[in-house]
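Accompanying notes for the structure given below.
In this note's numbering, the protein residues as written are 48 to 461.
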């Protein structure tokens, strides 16, 4: 079959007055062929060749079904079908995913790159709910990424309060072996209470302010309604959801965090899609502030409890005794690793080891010493106060005339 260009050439030569024999001689086509295509009013359509068989063909239905479930990354799908027996390359998988995935327009932004050791970015992400000890709780994901190397740290938590945020920072610093000069946040209440035009003029969360001043890094805040200033971490959050969490099975929070640590080992050792370098290799150029120059930092969770009349407080489904003289008072619990301290009016009154499980009781004898004598003393006092002398008045006796009794003796009152 002639190509479109050849058909156009034949018609052009004919329009110039050349004979069919001359056109046949010039093009090399038989005169019958020339006559045939001169009669056609439109260019011949090329015949479509049947597609060549691909190594990916047996796995295409699986990939299409997974993409219907959610926005899985091509890299993750490649890993999964490789475990199923696929022995082809990664590129063919990426091309197929790009072909079948729904297209989404993305506005252009100016990328901001940081120098080694200068900046990290942090964010939380809500990941749905999980059941813990029979109760449904929200699951959150802490993300930190180093701006230069793109090294990631990820941790799942059941809380997003300030002490949890600080503890996640400490865990990330330990993972990286240090920390950057500054860390970029959005305007989360765990970090900032009132944002000013300049980050440095903002009113910080007191507990978080104590933390960043202790370590000496500078907190930076994203400009409101400008999420692209935090693009690296936003991409990381989405990547964690698509490449790790989507469809993930786990038995506990500890199991989930163990799995994500294994995932981090792999992704931090894989070429990054923006830098085209391996984060772990690029990490060698990071100039992080060492941890040994900062004194150990103690993270304190604080909660308020009312001491019951029988001298106990409740915490995580268990009961703990408190010295009896504080019964009925409001106490502050300062929760550390494995223990908590009890304060009343800024005075530390006791501490307990945190019991595992629930419906258990931690009772310290010294908390009740002197309570019995105090009760007896109070009872004795109440007894004395209640002993009021009773005065019995004589009953009034009716006075009658003697004539009445005479009538009674004679059988009166019929």
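For each residue, glycine too, the CB sits at the ideal point set by N, CA and C. All values derive from a computational prediction rather than experimental measurement.
Three or more beta-carbon pairs separated by less than 8 Å are not found between the segment 304-318 and the segment 168-185, which leaves the two stretches without contact. Only buried fits residue 368, as 16 or more other CB atoms lie within 10 angstroms of its CB. Scanning the segment 48-112 for uninterrupted alpha helix (DSSP H) segments of 4 residues or longer gives 51-62, 67-74, 78-86, listed from N- to C-terminal end. Close CB contacts of residue 110 within its chain, under the 6 Å cut and outside five residues either way in sequence, are with 124 (chain order). A direct Cα-to-Cα measurement between residue 78 and residue 72 gives close to 9 Å. Remark: fewer than three beta-carbon pairs, one from each stretch, lie closer than 8 Å, so the segment 136-150 and the segment 164-178 are not flagged as touching. Shortest Cα-Cα distance from residue 221 to any of 231, 360, 407, 337 involves 337. Per the C-alpha coordinates, the member of 285, 210, 288 positioned closest to residue 257 is 210. Nearest C-alpha to residue 398 among 407, 370, 287, 312: 370. Three or more Cβ pairs closer than 8 Å define a contact, and the segment 356-368 meets that threshold against the segment 398-411. Closest by C-alpha distance to residue 172, out of 212, 133, 143, is 212. Residue 261 sits in a helix when the DSSP states are folded into three classes.
Straight across, the Cα-Cα distance linking residue 190 with residue 233 is about 13 Å. When 207, 208, 188, 141 are compared, the shortest CA-CA separation from residue 200 is found for 188.
For residue 170, the number of other beta carbons within 10 angstroms of its own is at least 16, and it is reported as buried. Per DSSP, the unbroken beta strand (DSSP E) holding residue 204 starts and ends at 199-204. A straight-line Cα-Cα distance of about 23 Å links residue 99 and residue 112.
Collapsing the DSSP output to three states places residue 219 in a helix. In the three-state reduction of the DSSP assignment, residue 318 falls in the coil class. In summary, residue 296 is exposed, with fewer than 16 beta-carbon neighbours lying within 10 Å of its beta-carbon over all protein chains present. Taking 8 Å as the cut-off, the beta carbon of residue 391 is found closer than this to the beta carbon of residue 376. The DSSP-derived three-state label of residue 407 is coil.
In this structure, residue 300 and residue 203 form a Cβ contact; the two beta carbons are roughly 6 Å apart against a cut-off of 8 Å. In the DSSP annotation of this structure, the continuous segment of the alpha helix (DSSP H) that includes residue 146 starts and ends at 137-147. The three-state reading of DSSP puts residue 170 in strand, counting E and B together. Residue burial annotation: residue 312 is exposed, with fewer than 16 other C-beta atoms found within 10 angstroms of its C-beta.
According to the DSSP assignment, residue 289 belongs to no beta strand (DSSP E), since it is labelled neither H nor E. Under DSSP, residue 358 shares a beta bridge with no residue. Under the three-state reduction of DSSP, residue 193 is assigned to strand.
Within the segment 347-392, no run of alpha helix (DSSP H) at least 4 residues long lies entirely inside it. By DSSP's assignment, residue 230 forms a beta bridge with 167, 266.
When DSSP assignments are scanned along the segment 320-344, no uninterrupted stretch of beta strand (DSSP E) that is 3 or more residues long falls wholly within it. The segment 320-337 makes contact with the segment 222-232; the number of CB pairs closer than 8 Å reaches 3 or more. Taking 8 Å as the cut-off, the beta carbon of residue 379 is found closer than this to the beta carbon of residue 349.
A residue is called buried once 16 or more other Cβ atoms fall within 10 Å of its Cβ, and residue 197 is buried on that count. DSSP, reduced to helix, strand and coil, places residue 128 within a helical segment of the structure shown.
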